[in-house]
Amino acid sequence: MAYSELIKNFERVRDYMRQFYVYGFKSREEYDAKSARSYDNERRRIESWLGDYMSFRQDASGKNVFLSVDSRAIPGNPLYSAFKAKSFTAGDVAFHFYVLDLLADGAELTVHEIVDAITDRYLSAFRTELTADDSTVRKKLREYEALGLLASRKRGRELVYRRTDDGRIDPEAWRDAVAFFSEEDPMGVVGSFLLDKLPPGPAYFGFKHHYILRALDSEVLCGILQAMDENRRLALTIRSPRRRGAETAHTVFPVKIYVSTQSGRQYLLGYHDRFRKFMFFRLDSIHRVVPGPPEPDPEALRERYAQFRRHLWGVSAGAGHGLEHIEMTVRIAGGEEYVLKRLEREKRCGRVDLPDARTGVFTADVYDAAELLPWLRTFIGRIERLECSNPAVTERFDADLRAMNAMYGGDMDAVQ
Amino acid sequence: MLFSEVYGSYYNVIAAILTQAVADELTDGRINNIVREAAFGESVLTIPAALRSEAWPLLTPQNATPLAHAPTMPLTLLQKRWLKTLLLDPRIRLFDPPDAGLGDVEPLYAPDDFCYFDRCLDGDPYEDPQYIAHFKTILTALREKRRLRVRFVGRLGTRHSWACIPYKLEYSSKDDKFRVLTSLPRSTMTVNVARIKSCELLDFRTEESYRPLPPVRDTLVLELTDERNALERVMLHFSHLEKQTVRLDERHYRLTLRYDREDETELLIRVLSFGPVLRVVSPDSFAEKVKERLDKQKNLRA
């Protein structure tokens, strides 16, 4: 099939964009492509969509393509481009403009009237093999009704279609809000579609700690949100890189989307049908979501979640052996009061006590205390005491500290 | 349906071309210009050819169209539902868009469908009338290109009063805070919106007076050892920065990051959070700061 910069299916390009963006050191041979041509085509498409955001480097392993973006300095998320590259047929694009034009002055028309008008008013102006028939046009009208572009009602025995324009919604009045939320909201790609219809917008919003990669999970997220809205179970197809891309199937009742503001990772928390427990799934590993039957008692599961969440530090429910207790005492010098404020603002489900002006005591009871390790390390230099009911956690902390001391030329036995 | 051609770049560009055709203003040159400016890099090879050959029967060889109206498209249900969702977000009060036309639309999701589990707990007070008023004044200044007088209390409790040119409102999802970036005659100043005590519009700025200095940027080189899934964790964590990665061998990678100098302390603790899987290669001054923290720690728990 001839190369096109448009695509029919989003999934394959999603993997490539992610790898170009996250890693950026792989050469052509290392991509898990069906063929070298497949890689070349995907790379060419992404270059076409993203232009200057793509970079190249040549080294001994070959040419490396990568996507490097300082997300604080860009006017908008460039990855949204991928959602604007859906392929279509000549009939799709012609009927799109014909139908919306026919109904633009507020007319209500039947399928037959639309077919006749397409033939007489539009197709007759061209040397084309394209024809309009009832079946094709009816399918397009139904599709547009589902999208919300058209509405129908019965007139006599026939359905008539009209456009759904609503002059009360003023896109100009929404401009600033849409410009902000198109970057900040998890479904911001929809805002990007709205901005495309307006003249170039404000460039005065900026975003720090802005993880643009999550855009690539928008379609999966949209499917999950719809199931949550309808209290339906979901059939998930998961492809985990750790399992070399092997697919697994899970059925869950979706309860919540967990978002990390410090890595951009998004997770679905669902109640697993077979394992009878809450489980997290990374959105970037979910390749397909199919809505299932309604959950018989969604409120009961939400109540169970309200209990469950009280001891979650991040996105690990641990090994199921109960809670782990952790305590850290932080000692600050004069002028370092901001460190105690950090404890307060970053404590999540933990508790902070301040026995005196120079000391902060953090305590928490969580399913998996090892999840706290990265956060605990940010207090290195001020940790006076660290204790955990799971000794493996403090052992790991101390071993890492020894390794770091050795790495930076310190005494390997300094901290025991 | 999110992935649909009706939101596509091609449909938008064709609509722009047909708008000119309906107005009888279209030329071959304009077709190429519209495609180059608004479509993808290689679209210039496909869109003009498909229109001219009538493969997409929308434009005659004379650059005319049988369409009677400049193309427009109603909002889709997905777009309306998304707008309705925004009305439920506490931050929407900072913008106050009209809710007309969305009364009978179901939101796409509820705000509590999401949990931002590692977000700081002291986010900005989006429902405080004074905060909202300050935010709107800043937004007006940005929109109308006006100078501002801002009075605020700094981190150390000192009161400041600045006449400045605001040029960006920056939001951090991690901190859940807005900051306004301002330009002064010889420097730039970033002010947390929540710290502002008063804020008033001044005169319109001139282009000559508006010279925001670019942030001072530094380069950090790290060596990464890929154990405990460190490669993916590190790459994702720092993915919002401009970066380059080179593989040194099967387990080791060199990561070069560009960052704003004012964020150095934050970057330092982020590097520390990864423990021994990340080693600072350069600059020496950054590595020295890591060492200082480790030395202090030795004395505390030795």
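Which chain is which? The protein sequence lines are A and B, in order. Using the working numbering, the letters of the first sequence correspond one by one to residues 993 to 1408. Using the working numbering, the letters of the second sequence correspond one by one to residues 1394 to 1695. Glycine included, each C-beta is placed from N, C-alpha and C at the ideal position.
Burial state of residue i (16 or more Cβ within 10 Å)
i: Gly1547/B; result: exposed
i: Lys1477/B; result: buried
i: Ser1116/A; result: exposed
i: Val1182/A; result: buried
i: Pro1676/B; result: exposed
i: Lys1055/A; result: exposed
i: Pro1356/B; result: Residue 1356/B lies beyond the residue range present for chain B, which begins at 1394 and ends at 1695; the question has no answer from this structure.
i: Lys1000/A; result: exposed
i: Gly1314/A; result: exposed
i: Thr1618/B; result: buried
i: Gly1256/A; result: buried
i: Asp1125/A; result: exposed
i: Val1399/B; result: buried
i: Asp1051/A; result: exposed
i: Met1404/A; result: Low confidence applies to Met1404/A: its pLDDT is 47, below 50, so where it sits in the model is not reliable, and the reading given next is rough at best. It is exposed - the Cβ of Met1404/A has fewer than 16 other Cβ atoms within 10 Å.
i: Gln1408/A; result: In this predicted model, Gln1408/A has a pLDDT of only 33, less than 50, meaning its place in the structure is not dependable enough to derive any value.
i: Tyr1330/A; result: exposed
i: Asp1417/B; result: exposed
Minimum C-alpha distance to residue i - residue among the options
i: Ile1375/A; options: Glu1319/A, Arg1147/A, Val1212/A and Leu1208/A; result: Glu1319/A
i: Ile1525/B; options: Arg1484/B, Leu1411/B, Ala1409/B and Gly1550/B; result: Arg1484/B
i: Ile1278/A; options: Asp1390/A, Glu1239/A and His1303/A; result: Glu1239/A
i: Ala1503/B; options: Trp1166/A, Glu1329/A, Ile1216/A and Gly1043/A; result: Ile1216/A
i: His1630/B; options: Glu1659/B, Pro1608/B and Lys1689/B; result: Glu1659/B
i: Asp1188/A; options: Asp1506/B, Pro1669/B, Tyr1404/B and Phe1679/B; result: Tyr1404/B
i: Phe1597/B; options: Ser1591/B, Asn1456/B and Ala1534/B; result: Ala1534/B
i: Lys1682/B; options: Ile1407/B, Lys1691/B, Leu1661/B and Gly1668/B; result: Leu1661/B
i: His1553/B; options: Pro1500/B, Ser1602/B, Lys1529/B and Ile1589/B; result: Ile1589/B
i: Ile1066/A; options: Leu1042/A, Ala1219/A and Val1057/A; result: Leu1042/A
Within chain B, partners of residue i - CB distance below 7 angstroms
i: Thr1370/A; result: Ile1662, Leu1665 and Ser1666
Contact set between residue i and chain B, taken where Cβ atoms lie within less than 8 angstroms
i: Val1181/A; result: Leu1395
i: Val1014/A; result: Glu1625, Met1628, Leu1629 and Ser1632
i: Ser1232/A; result: Chain B residues near Ser1232/A: none, gap ~11 angstroms exceeds 8 angstroms.
i: Val1085/A; result: Glu1398, Tyr1403, Tyr1404, Ile1407, Trp1449 and Leu1451
i: Asn1397/A; result: Leu1687 and Lys1691
Three-state secondary structure assigned by DSSP to residue i
i: Lys1076/A; result: helix
i: Val1609/B; result: coil
i: Trp1305/A; result: coil
i: Pro1347/A; result: strand
i: Glu1643/B; result: coil
i: Tyr1524/B; result: helix
i: Asp1289/A; result: coil
i: Lys1146/A; result: strand
i: Thr1156/A; result: coil
i: Met1466/B; result: coil
i: Ile1230/A; result: strand
i: Asn1489/A; result: With chain A running from 993 to 1408 in the structure shown, residue 1489/A is simply not present.
i: Trp1555/B; result: strand
i: Phe1012/A; result: helix
i: Arg1686/B; result: helix
i: Asp1596/B; result: strand
i: Lys1269/A; result: coil
i: Asp1405/A; result: Any answer about Asp1405/A is weak, because its pLDDT of 46 lies below 50 and its placement is not dependable; what the coordinates show is given next. Of the three classes helix, strand and coil, the one that applies to Asp1405/A here is coil, per DSSP.
i: Ile1066/A; result: coil
i: Ile1324/A; result: coil
i: Lys1018/A; result: coil
Closer than 7 angstroms at the beta carbon, the chain A residues around residue i
i: Glu1447/B; result: Phe1118, Arg1119 and Thr1120
i: Thr1469/B; result: Leu1139, Gly1140 and Leu1141
i: Leu1460/B; result: Phe1089 and Asp1093
Whole-angstrom C-beta distance between residue j and residue i, which should lie under 8 angstroms
i: Thr1583/B; j: Leu1606/B; result: The Cβ separation is near 12 angstroms, so there is no contact.
i: Val1005/A; j: Ala1074/A; result: 6 angstroms
i: Gln1697/B; j: Phe1185/A; result: A query on residue 1697/B cannot be resolved here, the shown segment of chain B reaching from 1394 to 1695 and no further.
i: Leu1213/A; j: Met1179/A; result: 7 angstroms
i: Ser1411/A; j: Glu1003/A; result: Outside the shown range of chain A (993 to 1408) lies residue 1411/A, about which nothing can therefore be said.
i: Lys1132/A; j: Phe1197/A; result: The Cβ separation is near 37 angstroms, so there is no contact.
i: Arg1610/B; j: Arg1544/B; result: Not confirmed; about 30 angstroms, so no contact.
i: Ser1047/A; j: Ser1060/A; result: 5 angstroms
Chain-ordered chain A contacts of residue i [CB-CB under 9 angstroms]
i: Val1347/B; result: Residue 1347/B lies beyond the residue range present for chain B, which begins at 1394 and ends at 1695; the question has no answer from this structure.
i: Tyr1603/B; result: Here the premise fails: no neighbours, minimum Cβ distance about 12 angstroms.
i: Gly1434/B; result: Glu997, Glu1039, Ser1040, Trp1041, Leu1042 and Gly1043
Cutoff 7 angstroms: residue i Cβ touching any chain D Cβ
i: Tyr1196/A; result: Note that chain D does not occur in the displayed structure, where the protein chains are A and B.
Proximal residues of chain A, C-beta to C-beta of residue i below 8 angstroms
i: Ile1485/B; result: Ala1169
Beta-carbon neighbours of residue i, restricted to chain B and to distances below 9 angstroms
i: Met1009/A; result: Result: empty, since nearest Cβ-Cβ is about 12 angstroms, beyond 9 angstroms.
Residue i CB to nearest heavy atom of the ligand PLP below 6 angstroms
i: Ala1096/A; result: With respect to small molecules bound, the structure shown includes none, and the ligand PLP cannot be examined in it.
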